[in-house]
Amino acid sequence: AIPLANVDAKSASRLSTADMPRPYLTALTRAPILQPNATGIDPVDGHPVQYYTVTQMAAVAAILPRLRTPILGYNGIFPGPTISVERGTKAVLRVRNQLPLRHPFGGHLLATSTHLHGSASLPQFDGYASDLTNRGFKKDYQYPNYQQARTLWYHDHSVHTTALNVYAGLAAQYHVHDPQERQLLPQGEFDVALTINDAMFAANGSLGYDHNSHSGLWGDVILVNGKPWPTMKVQRRVYRFRILNASISRSLRPTLSTGDPLIVVATDGGLMPVARSVSSYRHASAERYEVLIDFRKYTNGQRILLRNLSNDNNVAYANTDKIMAFDVVDTPVNTGDPTWNTIPTVLAGSEIMSLTTAQSTKTRRFRVKRNDRTNLWTIGEDTWQDVVASGFRKVVADPGLNAVEIWEFENSSDGWFHPIHMHLVDFQVLSRNGQAPFPYELGPKDTVYVGEREIVRVLVKFGPHRGKYIMHCHNLPHEDHDMMVQFSVGLADGEVDANDPITAAP
Ligand code: C2O
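Counting in UniProt numbering, the sequence shown runs from 24 upward without gaps.
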């Protein structure tokens, strides 16, 4: 287990009392929506295309009351600009690497790889960890956006420096809309992206970075959209929150101070089959949950807190039990918007949620654990070092294209949890230790919390693309040391896909 006392003494912010932010004093800000710099038509299939550009750069952020904080950001902001597209419209995202020579946390090289987490991207556009874009260069990533409406996020995925770069600020939301989702759920001003992460600060206001021997970073300041424990003014109506936990390690358990429910309507891969009301839910790093909160019954001037319940093996500090506050205002509600008072119950079907275990052709089990000899985190017995040593050929599984399989993640350790993320696919959570999954997990997922002494089973369909894709722990210090492997889809033994970003011949 985590040595709490040590971590406490070592890792909390070193800010003076005057510089330490206090909860509920800062207004929530929202990341801007990125405008396309051009639009066009795909000459091959006639689909509309939107062209976007973001620049990875160093910048200075206003997070603390009196000090400024150096960050890395897409367009120099954290969270980066939100990309919002319609299902069926392709996006081409040009990522320009204009990062400085030196990382704010030391002499790491600032070559990057950008992953759109939750997208079924072709392998060469998926942000493969070793597919690096150097400083001064750019890469155009193509995203098909044919998946059902969902909340995705794009973040750095550079091999061995993902934790540093995401923590420094290279993370942003990405939304796919579709007509069904537009009709059911609040839009625009009432569709609120919340990117939550924890941080710690040095006395001069710069971010502190301590991953406790690769076990995890536990900050003592909770940021929402880059502001410490902010407040948001809300009207007396239903709001939709797209909550992303962008913490590099910490998991959360959001709950409302009033005891009223959070109505979970979507998981990583979009709308759930039916909405689930919960008093709290566990939210691991990289998971996305969309929740409705019904503010209709509260009174003008009332403050409702979004709190963080238990620590689930995260290190707790004085204010890590707080997230943000909602202040109810009496601005007249537009009752012409039908989502203002609608709590939908039946949401949407999706292919992955309609599959059954009878369709599975294979069951595979992966142990997730630490190798005490090498001090590396492993999946099976493997690490990314093994993948590199094999010339990027070694795979832990090789399902056929469109194969349906059951994958089991077994975590027999005490004191450690692992949010396991598979690229390319959505999956259905089947069980935890033989019991039904939590109600809020009963939607399409791409990241699943595997708790200590748990066996979690998921049902996966492998496709729609052939190629090699990665799977890793989304506690990012674990991923970087070296809890990441790859699987192939639809490739014969030893076959190299022509689109492989690393091993295909030029
Ligand atoms: Cu969110 Cu492979 O990552």
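Backbone N, C-alpha and C define an ideal beta-carbon position, used for all residues, glycine too.
Going by alpha carbons, who is nearest to residue i out of the options?
i: Leu87; options: Met80, Trp252, Leu294, Gly99; result: Trp252
i: Tyr190; options: Pro209, Asp505, Phe415, Leu95; result: Leu95
i: Arg89; options: Arg125, Val118, Ser39, Ile56; result: Ser39
i: Tyr166; options: Tyr197, Gly159, Leu482; result: Tyr197
i: Thr362; options: Arg263, Asn268, Glu310; result: Arg263
i: His140; options: Arg91, Ala269, Ile64; result: Ala269
i: Ala381; options: Ala426, Pro367, Trp407, His444; result: Ala426
i: Phe521; options: Thr76, Arg489, Gln206, Val508; result: With the sequence shown as reference, residue 521 is identified as Ala, and Phe is not the correct amino acid for it. Checking every option, the nearest Cα to that of Ala521 belongs to Arg489.
i: Met295; options: Leu207, Gln79, His131, Gln458; result: Leu207
i: Pro146; options: His501, Val508, Ile493, Asp516; result: Ile493
i: Gly293; options: Gln171, Ser435, Gly517; result: Gln171
i: Arg393; options: Gln325, Thr49, Glu475; result: Glu475
i: Arg388; options: Trp400, Glu404, Leu399, Ile375; result: Glu404
i: Met506; options: Asp437, Pro46, His497, Ala216; result: His497
i: Leu279; options: Ser308, Asp42, Asp65, Leu329; result: Leu329
i: Glu313; options: Gln325, Tyr321, Val297; result: Val297
From the DSSP output, which residues share a beta bridge with residue i?
i: Met223; result: Gly231
i: Ala426; result: Answer is none; Ala426 lacks a bridge partner.
i: Met347; result: Leu329
i: Pro277; result: Asn331
i: Ile316; result: Tyr262
i: Ile443; result: Val471, Cys496
i: Asn434; result: Glu477
i: residue 7; result: Because the chain spans 24 through 529 in this model, residue 7 falls outside it and cannot be assessed.
Where does the unbroken beta strand (DSSP E) through residue i begin, and where does it stop?
i: Thr137; result: 137-140
i: Ile64; result: 61-64
i: Trp176; result: 173-179
i: Met494; result: 490-496
i: Trp400; result: 399-402
i: Val410; result: Note, Val410: premise wrong, no beta strand (DSSP E); alpha helix (DSSP H) at 407-412.
i: Tyr75; result: 71-84
i: Phe450; result: 450-455
i: Ala114; result: 113-120
i: Gln509; result: 507-512
i: Asp163; result: 161-166
i: Pro296; result: 293-301
i: Pro93; result: 92-97
i: Thr107; result: As written in the sequence, residue 107 is Ser, which differs from the Thr given in the question. First-last of the beta strand (DSSP E) with Ser107: 106-109.
i: Phe389; result: 385-394
i: Thr49; result: No beta strand (DSSP E) contains Thr49, which DSSP labels as neither H nor E.
i: Glu464; result: Run containing Glu464: none; DSSP gives neither H nor E here.
i: Met255; result: 254-257
i: residue 11; result: Since the first and last residues shown for the chain are 24 and 529, residue 11 lies out of range.
Our contact map puts residue i next to residue j with C-beta atoms below 8 Å; I'd like the distance itself, whole angstroms only.
i: Lys484; j: Val448; result: 7 Å
i: Asn337; j: Asp243; result: In fact, because the Cβ distance is near 11 Å, the residues do not count as touching under 8 Å.
i: Thr386; j: Ile429; result: 4 Å
i: Val473; j: Phe440; result: 7 Å
i: residue 21; j: Ile219; result: In the structure displayed, the chain extends from 24 to 529; residue 21 sits before or after that span and is not available.
i: Ile245; j: Asp214; result: At roughly 22 Å, the Cβ-Cβ gap does not stay under 8 Å, so Ile245 and Asp214 are not in contact.
i: Thr112; j: Gln73; result: 6 Å
i: Phe224; j: Ser36; result: 4 Å
i: Asn168; j: Ala114; result: 6 Å
i: His200; j: Glu109; result: 5 Å
i: Leu424; j: Gly513; result: 3 Å
Just to confirm my understanding: we take residue i, look at its own chain, exclude 5 residues before and 5 after, and list those with CB closer than 7 Å. What are they?
i: Leu51; result: Val247, Asn248, Lys250, Pro253, Thr254, Met255, Met347
i: Pro93; result: Ala81, Val83, Pro127, Ser229
i: Ala195; result: Ala54, Tyr97, Pro102, Gly103, Pro104, Thr105, Trp176, Tyr177
i: Asn323; result: Val351, Val352, Asp353
i: Val30; result: With a pLDDT of 40 at Val30, under the threshold of 50, the modelled position of this residue cannot be trusted, and the question is left open.
i: Pro529; result: Confidence at Pro529 is low in this model, with a pLDDT of 44, below 50, so the placement of that residue is unreliable and no value is reported for it.
i: Asn157; result: Asn120, Ala134
i: Ala412; result: none
i: Pro284; result: Ser300, Val301, Ser302
i: residue 533; result: Outside the displayed range of the chain (24 to 529) lies residue 533, so it cannot be described from this structure.
i: Tyr340; result: Ala35, Asp243
i: Ala515; result: none
Provide the residue span of the alpha helix (DSSP H) that contains residue i, from first to last.
i: Arg205; result: 202-207
i: Thr185; result: 185-191
i: Pro500; result: 499-503
i: Ile375; result: 374-377
By Cβ distance, which residues of its chain are closer than 8 Å to residue i, with the 5 residues on each side in sequence left out?
i: Arg319; result: Arg259, Arg260, Val261, Asn364
i: Leu27; result: In this prediction, Leu27 scores a pLDDT of 36, lower than 50, which makes its location untrustworthy; the coordinate-derived value is nonetheless stated afterwards. Counting only Cβ-Cβ distances below 8 Å, and skipping sequence neighbours, we find Val338.
i: His464; result: For the record, residue 464 in the displayed sequence is Glu; it is not His. For Glu464, where only same-chain residues beyond five positions count, the Cβ hits under 8 Å are Thr290, Val452, Val471.
If I measure Cβ to Cβ from residue i and keep anything under 6 Å in the same chain, skipping five residues before and after, which residues do I get?
i: Tyr232; result: Phe128
i: Arg311; result: Thr174, Leu267, Asp291
i: Ser107; result: Ile56, His198
i: Ala186; result: Ile271, Leu499, Pro500, Asp503
i: His183; result: Asp503
i: Gly466; result: Thr290, Met295
i: Ala41; result: none
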